[in-house]
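Respectively, the protein sequence lines represent chains A and B.
For the first sequence, the positions run -14 to 200 when this note's numbering is used.
For the second sequence, the positions run -14 to 200 when this note's numbering is used.
Here a beta-carbon is modelled for each residue, glycine too, at the ideal position from N, C-alpha and C.
Please read the structure below before turning to the comments.
2 protein chains.
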Amino acid sequence: MTQSGDECGRVPDPVVERLSVYSRVLTVMLREGAITISSADLSERTGFSATQIRRDLAFFGQFGTPGVGYDVWRLHARLERILGVDIERRVVIVGAGNLGTALIGYTGFREHNFRIVAAFDIAPGRVGVTTQQGVRIHHVADLGRIVADEKAEIAVLAVPVAAAQPALDVVVKAGLRAVLNFAPTQLAVPPGVRLRNVDLSVEMGALSFYLGQDS
Amino acid sequence: MTQSGDECGRVPDPVVERLSVYSRVLTVMLREGAITISSADLSERTGFSATQIRRDLAFFGQFGTPGVGYDVWRLHARLERILGVDIERRVVIVGAGNLGTALIGYTGFREHNFRIVAAFDIAPGRVGVTTQQGVRIHHVADLGRIVADEKAEIAVLAVPVAAAQPALDVVVKAGLRAVLNFAPTQLAVPPGVRLRNVDLSVEMGALSFYLGQDS
Chain A
-14 MTQSGDECGR
-4 VPDPVVERLS
6 VYSRVLTVML
16 REGAITISSA
26 DLSERTGFSA
36 TQIRRDLAFF
46 GQFGTPGVGY
56 DVWRLHARLE
66 RILGVDIERR
76 VVIVGAGNLG
86 TALIGYTGFR
96 EHNFRIVAAF
106 DIAPGRVGVT
116 TQQGVRIHHV
126 ADLGRIVADE
136 KAEIAVLAVP
146 VAAAQPALDV
156 VVKAGLRAVL
166 NFAPTQLAVP
176 PGVRLRNVDL
186 SVEMGALSFY
196 LGQDS
Chain B
-14 MTQSGDECGR
-4 VPDPVVERLS
6 VYSRVLTVML
16 REGAITISSA
26 DLSERTGFSA
36 TQIRRDLAFF
46 GQFGTPGVGY
56 DVWRLHARLE
66 RILGVDIERR
76 VVIVGAGNLG
86 TALIGYTGFR
96 EHNFRIVAAF
106 DIAPGRVGVT
116 TQQGVRIHHV
126 ADLGRIVADE
136 KAEIAVLAVP
146 VAAAQPALDV
156 VVKAGLRAVL
166 NFAPTQLAVP
176 PGVRLRNVDL
186 SVEMGALSFY
196 LGQDS
């Protein structure tokens, strides 16, 4: 879920999340050569109800043709524009340990227009290294300058719990307003900053539910 | 989202996901010493509407007291039981590269009753190693035997895209029925198996939306 330091929020977070899920599903369908998709198909592929999907898309002025459905290419293009992923987004990774290194190599980012332009750490053995993907690891002390030079917009925090709040403070000071946090802890978010927490125990909790159901 | 190889599904996936989010929020509130919580408070902390939350909880027989709300301790205990995370769940990690190693060290799993009992790889430099958390890395060829010995229930796939389907096939053959997949690819899921895909580009897409809104 997304935390924000202010009260604004014209579009509820869960709607934004669903739009991002729809967009990902449509990317796969485009590759499969699909031309149209009904809200019932989208429901089957996402688990969200067809009513919910129609309501979400109508909110953004997208209306399917009755009996035909949505044009996959047009709906995908529209969603990418709404989400702002039709243009390249420049990303920095804070923390170049195992998780940070894994994220630098994550092919799903580049495929969706997210470009990792720099990584940061404080460990002497890591700072100064260039990864096999060509991403240079800098000292956190240089973050402000490099974020400005590289015109980065998104920070990903891949640091231990104890370092997460200081890391958030550093990226906020550098002017970044969108942050994805992997550390399993609650962070204090200043006004105007959007923080999304990736909580892997939520994913595991949902899986665990099915273990109980199926047995 | 969760894929399943069969048509069952008494409770829709998005409901299960929301229950897992509520449970995580209540864990934090318990630590903060909260006694009661209203659906409006839960709405503010999760972004889901109060109506949605009341409907989800009523589905499982949980009714708040009007004007008071839900008892945090009781609701948390009930959700943990529904999700099956009130008992320890034993987990194996397939792939002991950067991501797998990061997951072995992820404190959020142990805190929520998920215990990593073994990891698997094929690289000679990794097999036979015991991590600093005391998790032994075995060869994938031994997965079936070790899953049985360790009574593992959940597999986490932390392998490259090209290895994801073979890895899924191996864990399914070993009898595992709940799988969390980090590889950004679509996998073919046999009947009776629940697969959750962690798609980090969905998270980034949602963040990207706010960049457009705030500027």
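One finds nothing in chain A with a Cβ atom closer than 7 angstroms to the Cβ of Leu172(B); even the nearest lies about 12 angstroms away.
Taking 8 angstroms as the upper bound for CB-CB distance, Arg75(B) and Ala137(B) are in contact here, some 5 angstroms apart. Looking at Glu2(B), Ala81(B), Glu65(B), Pro109(B), the one whose alpha-carbon comes closest to that of His97(B) is Glu65(B). For the C-beta of Ser23(A), not a single chain B residue is nearer than 9 angstroms; the gap to the nearest is close to 18 angstroms.
Rounded to the nearest whole angstrom, the CA to CA distance from Ala173(A) to Val157(A) is 11 angstroms. Relative to the Cα of Val70(B), the nearest Cα in the group Ser5(B), Tyr91(B), Ala163(B), Arg181(B) belongs to Ser5(B). For the pair of segments examined, the region 79 to 86 of chain A was found to touch the region 96 to 115 of chain A: the number of CB pairs separated by less than 8 angstroms reaches three. For Pro175(B), the closest Cβ of chain A is not nearer than 9 angstroms. Beta-carbon to beta-carbon, Gln47(B) and Arg63(B) are separated by about 6 angstroms, close enough to satisfy the 8 angstroms threshold. Membership of Phe99(B) in the beta strand (DSSP E) is indicated by the continuous run 99 to 106.
With respect to chain B, the C-beta atom of Asp184(A) has a partner C-beta closer than 9 angstroms. When Gly129(A), Ser34(A), Ile122(A) are compared, the shortest CA-CA separation from Pro(-1)(B) is found for Ser34(A). For Met14(A) and Val57(A), the gap between their C-alpha atoms comes out near 8 angstroms. At least one CB atom of chain A sits nearer than 9 angstroms to the CB of Phe33(B). Counting every other CB atom within 10 Å of its CB across the protein chains shown gives Glu17(A) a total below 16, marking it as exposed. Contact annotation for Leu11(A) against chain B: no contact, minimum CB-CB distance about 12 angstroms [criterion: below 9 angstroms]. Taking a C-beta distance under 9 angstroms as the contact criterion, Ile89(A) and Thr50(A) do not qualify as a contact pair. Neighbours of Leu165(B) in chain A, taken as residues whose beta carbon is under 7 angstroms from its own, are Glu188, Met189, Leu192 in chain order. Sequence-distant partners of Gln118(A) (beyond 5 residues in either direction) whose C-beta falls short of 7 angstroms from its own C-beta, in its chain, are Ile89, Gly90. When Cβ-Cβ separations below 9 angstroms define contact, Asp41(A) makes no contact with chain B. In this structure, the alpha-carbon of Thr170(A) lies about 9 angstroms from that of Gln150(A).
Comparing alpha-carbon positions, the option among Pro(-3)(B), Asn182(B), Gly197(B), Gln198(B) lying closest to Gly93(A) turns out to be Asn182(B). By the neighbour-count definition (other C-beta atoms within 10 Å, threshold 16), Asp134(B) is an exposed residue.
Cα atoms of Ala168(B) and Gly54(B): separation of roughly 41 angstroms, rounded to the nearest angstrom.
Taking the CA atoms as reference points, Ile72(A) sits about 31 angstroms from Gly85(B). Inclusion of Ala152(B) and Val125(B) in the CB contact set at 9 angstroms is warranted, their separation being smaller than that value.
Boundaries of the alpha helix (DSSP H) around Arg95(B): 92 to 96. Counting only residues of its own chain and dropping the five nearest sequence neighbours on each side, Leu68(A) has a CB closer than 7 angstroms to the CB of Leu4, Ser5, Ser8. The closest CA to that of Val1(A), considering only Ala191(B), Val132(B), Gly197(B), is found on Ala191(B).
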